[in-house]
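The sequence shown: position 58 = 58 (UniProt numbering), numbered continuously.
Report on the following structure.
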Amino acid sequence: MFGYLSGTILSIMATKICLLYPSGSLSFLLHKFFIIFSEWDWPKPILLEHLSTKEDLEKLGRIKLKLNSWQIKDIEREGNLMPVISTKYPEINSAKNINENGKKIIIDEMNKY
């Protein structure tokens, strides 16, 4: 969805909570989801694993693909208000279409819970 949380974005965010609290009950995880992401230090990216480095790609023989992966230095660019980074090469910001108004609505709604 343009400007809001898609299924992909929600899946990455939910996975982050499950990784942080692997033995949490469903109600606990749902509660933590809203608490953590309503207070998240945006635009700090949500990452499930470290970003691919040149060395990682060389080990996999993928350095010649030259696909553009999202990098921390990209955080200042437009479209990185709420970066939710996909896993595996090439990593992308799945939430690049969230604008300032959408971010405010999302955070306001999360604060209701």
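We treat Cβ as the ideally placed atom computed from N, Cα and C, and that holds for glycine.
{"Asked": "Any C-beta of chain B under 7 Å from that of N111", "Found": "Absence of chain B from the displayed structure is noted, only one protein chain being present."}
{"Asked": "Residues of its chain near L20, where Cβ-Cβ distance is below 8 Å and the 5 sequence neighbours each way are ignored", "Found": "K32 and I36"}
{"Asked": "Per-residue DSSP class, three states only, for N93", "Found": "strand"}
{"Asked": "Spatial distance of L5 from K96 (CA atoms)", "Found": "10 Å"}
{"Asked": "Run of the alpha helix (DSSP H) containing S100, from where it starts to where it stops", "Found": "One point to set straight first is that residue 100 is Glu, not Ser, in the sequence displayed. E100 to N111 is the extent of the alpha helix (DSSP H) around E100."}
{"Asked": "Chain-order list of residues whose beta-carbon lies under 7 Å from that of L48 (same chain, five-residue window excluded)", "Found": "I12, T15, K16, L19 and T87"}
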